[in-house]
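In what follows, a single structure is set out as structure tokens and then discussed.
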Amino acid sequence: MFAYVVRRILATIPVMAVVALFVFSLLYVAPGDPAAVIAGDQATPDDVERIRQSLGLDRPYLVRFGAWVFDIMRGDLGVSIFTNLPVVTMIQQRIEPTLSLMVVTLILAVSIAVPMGVVAAWKVGTWMDRAVMGFAVLGFSVPVFVVGYLLAYVFALELDWLPVQGYTPFSQGFVPWFENLILPAIALGSVYIALIARITRATMLEVLQQDYIRTARAKGAGQPSILFLHALKNAAVPIVTVIGIGIALLIGGAVVTESVFAIPGLGRLTVDAILRRDYPVIQGVVLLFSFVYVLVNLVIDLLYTLFDPRIRY
Amino acid sequence: MALLEVENLQTHFRAPDGVNRAVDGLNFHVNAGETVAIVGESGCGKSVTAMSILRLIPEPPGKIAGSIRFNGRDLLKLSDREMRAIRGNEISMIFQEPMTSLNPVLTVGRQIGETLRLHQGMSKSQAEARAVEMLKLVGIPEPERRVKEYPHQLSGGMRQRVMIAIALACNPKLLIADEPTTALDVTIQAQILDLMRDLKHRVGAAIVIITHDLGVVAEVAERVIVMYAGRKVEEAAVEKLFRSPRHPYTQGLLGSMPKLGSSLTGDETRLQEIPGLVPSLKRKLDGCVFASRCAYATDMCRKVAPALEEKAEGHIAACHYAIKEAVAA
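One line per chain: the protein sequences are A and B, in this order.
Each residue of the first sequence is one higher than the one before, counting from 1 in the numbering used here.
Each residue of the second sequence is one higher than the one before, counting from 1001 in the numbering used here.
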């Protein structure tokens, strides 16, 4: 068990190395010259060349990569070309709203989607099952920004139950913080809920056919115990896998959701940085997202052993 | 009053192309402490009968009719909650597939303890302690260690022992064993049968054992019910049935069993077989259900269904031509 954990943690190192190389190269080959952007329209070729030298953009590819990785190791992601602030500081300023949005969405989505899938599998073929599946198709097909604007229109503008947009820091109290996050979380989570509910239903349908479910019934176990203890624990591995993969959906969706609801988070930072070709910021944010994704999947791998005793290599 | 009285049991399944009459008008009883075997080939309705008694048939597509009286209460009239209080407590069941019948993600101790916590209101630690005792009772070495293990860490024979421990944990009055030894190899089969016989005496449970293995029947049963195409075709005490089977189907079953000491090579020692297959249960059968495969069948057999008649004392069979002995009174 301990060996498994250590091995899984060590296995993330090469993954992170490849991600770093990829993130770095992506911007290296991307069109556009940051030096020219900084220099502005009036600059002479000499000016541009000088800026390029000061940024170190004239050095060879591998040298630049080495220097970049070395800086990252020391917690230095570079300085924004546009604001002249350290990238780490910029990320720190923006991370709370995004993290809040993701966590709330994750908890909300899982606690809605899993019971939905379980009930659909239990009542397979009935109107309840069809309602869940119908919702899932809807969740998949309607884009995040449409759901977002619709929710904001109905619940914020018409009914006036929740704020239209913006973000309140957690330090100003749980309720205002949460109120501001409900609508974005539902908008962002709709695809995610659909995905998890479908996988839960499919896996549960298979598990409910197994002999040990019949044994549980023959013992006199009640329906809740059969569904949530005997069956769901067996269905957990595929469900947890999809929850992990879905984090990628959340990261992508967060960028759009933050724009729709005017949340000053990392998504907005990313979009702004891309528009300004602010290379160090783009690199920093993409690297952070990749790191989170790798970390989440590591946690998922470790969770497997909790649900299924047979996975303890 | 018998412990279990099954009257006119009909378990039908709705299928896209008709109704499958898996069990069609079955009557039998089991006395307290008695071991009754139900035999027949695949598809004759044995397992469906077992599942019907515990009402484990999914409804729909299944439908159970008739009456199943257990200790005088009709199980088919009980609410789901009342039925759950009986399952695993007063009537429990052992299944054919020990490899897949245990939940792979729960410890053995938890699975044995579950019935105790459900039906006897035991706490977690009490149930755990009792689970260790049960494992010891079914002959699993190192029960303190095994109780914390998962099914994949046990062999097939041990898993079937665990199933028996689960089934007997609440001291049931009736144990239904559906092909309990079919998936096990021969030496383990003998051990499991010995164990069941031994525990039956200790716990005092009646057993309904469902099997197609006549060797198992001879080993454990006191009375035998022979089923064919969802009906009972013969019933007798085990010695009587083996000595003088009345129904041609039973004769065929017995004839297809290898005898100890007989040579298995050469023409004259070839094992008998019953030609053909169990007929489809989806259409109404006229006449004797076995007529299509019976060597002695006549026109009468194909037209008129034979009733179950007492052919000798305590020996009933459904065949027009079965030899009848003078029955007293």
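Ideal placement from N, C-alpha and C gives every residue a C-beta, glycine not left out.
Next item on the list: From the DSSP output, in three-state form, read off Y61 (chain A) for me.
Entry: helix
Next item on the list: Quickly, what does DSSP pair L1009 (chain B) with across the bridge? List them, please.
Entry: B:L1026
Check: Who does S1067 (chain B) pair with in a DSSP beta bridge?
Finding: B:E1007
Notebook entry, point to check: Are the region 198-214 of chain A and the region 237-256 of chain A touching, with three or more C-beta to C-beta distances below 8 Å?
Noted result: yes
Notebook entry, point to check: the ligand ATP heavy atoms versus the CB of F307 (chain A): any closer than 8 Å?
Noted result: This structure lacks the ligand ATP; in fact it carries no ligand of any kind.
Next item on the list: Indicate the three-state DSSP secondary structure (helix, strand or coil) for T105 (chain A) in the structure shown.
Entry: helix
Check: Does DSSP classify L1174 (chain B) as helix, strand or coil?
Finding: strand
Next item on the list: Using the DSSP secondary-structure output, state which residues sit across from M86 (chain A) in a beta bridge.
Entry: The displayed chain sequence assigns Pro, not Met, to residue 86 (chain A). The partner list for P86 (chain A) (beta bridge, DSSP) reads A:V79.
Check: For Y61 (chain A) and chain B, any beta-carbon pair shorter than 9 Å?
Finding: no
Next item on the list: Pull up the distance between the alpha-carbon of Y304 (chain A) and that of M16 (chain A), whole angstroms please.
Entry: 22 Å
Next item on the list: Can you have a look at Q53 (chain A) and say buried or exposed, based on whether 16 or more other CB atoms are within 10 angstroms of its CB?
Entry: exposed
Next item on the list: Could you tell me if D301 (chain A) is buried or exposed, where buried requires 16 or more neighbouring beta carbons within 10 angstroms of its beta carbon?
Entry: buried
Check: For a contact meaning CB atoms closer than 9 Å, what does F1095 (chain B) contact in chain A?
Finding: D211, R214, T215 and A218
Notebook entry, point to check: Going along chain A in order, which residues have a C-beta closer than 7 Å to the C-beta of G1109 (chain B)?
Noted result: What G1109 (chain B) touches in chain A: nothing, since even the nearest Cβ is about 13 Å away.
Next item on the list: Check whether the region 172-192 of chain A touches the region 220-231 of chain A, counting contact only when three or more Cβ pairs, one atom from each stretch, lie closer than 8 Å.
Entry: no
Check: Taking buried to mean at least 16 other C-beta atoms within 10 Å of its own C-beta, is M1134 (chain B) buried or exposed?
Finding: buried
Next item on the list: Starting from N1171 (chain B), find everything on chain A with Cβ-Cβ shorter than 8 Å and list it in chain order.
Entry: Here the premise fails: no neighbours, minimum Cβ distance about 14 Å.
Check: Going by Cα to Cα distance, which pick from B:D1286, B:S1092 and B:P1016 is closest to V1304 (chain B)?
Finding: B:D1286
Next item on the list: Just the chain B side, please: which residues come within less than 7 Å of A121 (chain A) by C-beta, in chain order?
Entry: Residues of chain B passing the Cβ test: none, with the nearest at roughly 14 Å.
Item checked: Length-filtered (4 minimum) alpha helix (DSSP H) runs lying within the region 1032-1112 of chain B -> 1046-1053 and 1080-1086
Notebook entry, point to check: If you measure beta-carbon to beta-carbon, which residues of the region 1220-1249 of chain B are closer than 9 Å to chain A?
Noted result: none
Next item on the list: Can you tell me which of B:L1004, B:E1005, B:S1052 and B:V1019 puts its alpha carbon nearest to the alpha carbon of L1281 (chain B)?
Entry: B:V1019
Next item on the list: Rounded to whole angstroms, what's the CA-CA distance from R1130 (chain B) to L1154 (chain B)? Just pull it up for me.
Entry: 19 Å
Note to self: Cβ closer than 8 Å: which chain A residues qualify as neighbours of S1092 (chain B)?
What the structure shows: A218 and K219
Check: For the putative contact between G78 (chain A) and P280 (chain A), defined by C-beta atoms under 8 Å, what is the C-beta separation to the nearest angstrom?
Finding: 4 Å
Notebook entry, point to check: Looking at the structure shown, is K1232 (chain B) part of a helix, part of a strand, or coil, going by DSSP?
Noted result: strand
Check: Using a C-beta to C-beta distance shorter than 8 Å, which residues of chain A count as neighbours of S1101 (chain B)?
Finding: D211, Y212, R214 and T215
Next item on the list: Answer with buried or exposed for A1329 (chain B), where buried requires no fewer than 16 other C-beta atoms within 10 angstroms of its C-beta.
Entry: Confidence at A1329 (chain B) is low in this model, with a pLDDT of 41, below 50, so its placement is unreliable and no value can be given for it.
Note to self: Once the 5 residues before and after V328 (chain A) are set aside, which same chain residues still bring their CB inside 6 Å of it?
What the structure shows: Any answer about residue 328 (chain A) is impossible in this case: the structure gives chain A only from 1 up to 313.
Margin query: Tell me the DSSP secondary structure of R1014 (chain B) in three-state form.
Written below: strand
Next item on the list: Spell out the partners DSSP gives V1019 (chain B) in its beta bridges.
Entry: B:R1014
Next item on the list: Work out the CA separation of G1040 (chain B) and V1216 (chain B) for me, nearest whole Å.
Entry: 13 Å
Check: What residue does the beta strand (DSSP E) around V1208 (chain B) start on, and which one ends it?
Finding: A1206 to T1211
Margin query: Excluding the 5 residues flanking E1239 (chain B) on each side, which residues of the same chain have their C-beta closer than 8 Å to its C-beta?
Written below: none
Next item on the list: Kindly give me the distance between the Cβ atoms of A1221 (chain B) and T1035 (chain B), rounded to whole angstroms, as I take these residues to be in contact under 8 Å.
Entry: 5 Å
Notebook entry, point to check: Looking at the structure shown, is R1223 (chain B) part of a helix, part of a strand, or coil, going by DSSP?
Noted result: strand
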